[in-house]
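Data block below; observations after.
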Amino acid sequence: MKKEDKVLIFGYYGMSNVGSEARLQVIVDDVRKANPSARIYVAGFNYYKEERLKDVNYVHLRSVSPFAIRRFILSLKKYDYIINGEGIPYVDFCGKGFLTFFLPILYWAKAFGKKTASYSFDIDRMTRMDSWFTKRVLDMTDLLVVRSPSSVRELKRIGVHHRTCLTADCAYLFKGMPKEKLSRRLKGLTKKNAKKRVSVAVKDFFCYPVSLRFFGNRDDIYQYPYYYTYANNGKERYRKFVDEFAAFVDRLVEEHDAEVFLVVMEHMMDYRINKAVHDRLKNKDVVKIVSGKDFTVSEIKTILSSSDMTISARLHALILSLDSYIPLIGMSSDERFKYFFSQVRLKEYCIDAADPRFFTKLSKLVERGFRRKKSISRTLRKQARELKSLAKQNSAILKDFFQKP
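Residue numbers for the sequence shown follow my numbering, beginning at 1 and rising by one.
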């Protein structure tokens with residue numbers, strides 16, 4: 001190893017995305033274990049708003065415009081190692097934004113002679129052209145660490161020949177803050193004497209993909225020049241879903257004597273729907289919105305893990321809840337969710353939000369989850385140990401990456 005390597009970690013950082021920020025903190029720890037003398041740089045957006053890490057240098061990305069990305073790419077020459085730390089960077093189901101951001105950075109880093117890694121990630125099916133460019137870049141990349149068998153299969157399907165390491169999401173190793181400290185932060189926010197606390201992380205299922213446009217409705221801006229896109233009566237379906245979801249949350253409060261946290265895991269994507277749900281509630285005083293924009297990642301992790309149940313359409317809300325061994329319910333048909341629930345031996349607790357009987361099934365799962373809380377806890381205790389053990393392999397793999405010439 002060199003005396004002081006410059007290591008750049010880039011991803012979807014600084015955007016009040018709880019999952020990405022939790023992963024980042026673990027990746028930084030993994031880099032420190034693997035290369036203790038390294039100088040670490042993190043590239044992200046709006047980092048003046050986020051929880052800053054000690055002894056980390058921040059590189060501010062002003063936008064995702066072609067000009068800003070070009071300027072950032074030219075700056076790659078001054079680093080020794082470039083690590084893509086984003087969890088789902090190679091997808092086109094949400095438009096071309098991620099691909100046109102992540103792939104050129106890795107491509108040009110290799111062109112500049114740098115060692116590159118894509119770390120603890122998933123890949124999903126793409127168009128033929130997108131698959132071709134992704135294969136070309138990933139075959140050039142020095143280290144590929146994936147977090148699910150479906151990603152291994154997809155890499156093989158598109159023809160990537162590079163050796164792939166399969167472990168577990170690095171976020172399993174993220175730690176929160178002491179619960180006593182958090183309770184002072186939450187004082188006055190929650191209902192006194194509630195029997196249960198339920199964390200709920202819902203997302204807008206109807207606005208993908210985001211599309212590149214230079215003009216559009218101001219309310220639909222995601223991150224200029226990218227806009228939310230609704231299709232197939234998406235806005236009407238969204239409004240109906242919000243009404244029904246608000247009724248479901250009210251039932252949680254009334255039937256289970258619960259205080260509810262609406263946890264906004266990705267502020268830019270999820271705040272709108274959480275606010276819309278909250279506005280329609282009868283029990284607003286005992287349901288609070290908790291966003292990564294207002295709370296640190298450590299605080300949100302502790303809120304999730306101090307709950308009696310987590311119901312989520314965001315994978316990392318489930319991962320960050322796991323080490324408390326509480327009942328978990330997933331709202332998605334995504335392969336990543338199916339894999340997570342098979343790993344934790346709770347396959348029946350994941351339902352598709354597009355199911356016509358979604359809310360009926362969801363209510364039944366809540367009842368069953370509370371009823372079987374002790375047996376679920378025993379199951380999760382064992383599975384959490386196994387998943388954390390897998391995630392710990394990441395730093396050993398990273399050490400080899402730094403040591404090899």
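Heads up, the beta-carbon is just placed ideally off N, CA and C, and yes, glycines get one too.
Note that the C-beta distance between Phe402 and Ala34 is below 8 Å. Residues of the same chain with a CB within less than 8 Å of the CB of Phe370, apart from the 5 flanking positions on each side, are Lys196, His256, Asp308, Met309 and Pro327 in chain order. Per DSSP, reduced to three states, the secondary structure at Cys207 is coil, with no helix or strand assignment. For Met331, the enclosing beta strand (DSSP E) starts and ends at Leu328 to Met331. Burial state of Arg336 is buried, judged by a 10 Å Cβ sphere holding 16 or more other Cβ atoms. When DSSP states are grouped into helix, strand and coil, Val287 belongs to the strand group. Bridge pairing for Lys115: Tyr81 [DSSP]. In this structure, the CA atom of Lys374 is about 25 Å from the CA atom of Phe358. Under the criterion of beta carbons closer than 8 Å, Met126 and Val91 qualify as touching, at roughly 7 Å. With the rule of 3 Cβ pairs closer than 8 Å, the segment 109-119 counts as touching the segment 143-158. Rounded to the nearest angstrom, the gap between the Cα atoms of Lys364 and Phe174 is 31 Å. In the DSSP assignment, Lys6 forms a beta bridge with Arg39. Scanning its chain for C-beta atoms nearer than 6 Å, with the 5 sequence neighbours on each side dropped, one finds around Asp204 the residues Ile273, in chain order.
Inter-residue distance for Cys207 and Gly234 is about 7 Å (C-alpha atoms, whole angstroms). Pairing Met129 with Ile158, the inter-Cα distance amounts to about 11 Å.
Your pair Tyr79 and Val7 checks out as a contact, with CB atoms roughly 7 Å apart and the cut at 8 Å.
Cβ-Cβ distances below 8 Å link Arg381 to Tyr325 in the same chain, with the five nearest sequence neighbours on each side left out; the list follows chain order. Collapsing the DSSP output to three states places Val146 in a strand. Rounded to the nearest angstrom, the Cβ distance from Val18 to Met265 is 5 Å, consistent with a contact under 8 Å.
By the neighbour-count criterion, in which 16 or more other beta carbons inside 10 Å mark a residue as buried, Asp243 falls on the exposed side.
Between the beta-carbon of Tyr339 and that of Ser148 there is about 5 Å, and that keeps the pair under the 8 Å contact cut. For Leu262, the enclosing beta strand (DSSP E) has its first and last residue at Ala258 to Val264. In the three-state scheme derived from DSSP, where H, G and I count as helix and E and B as strand, His60 is classed as strand.
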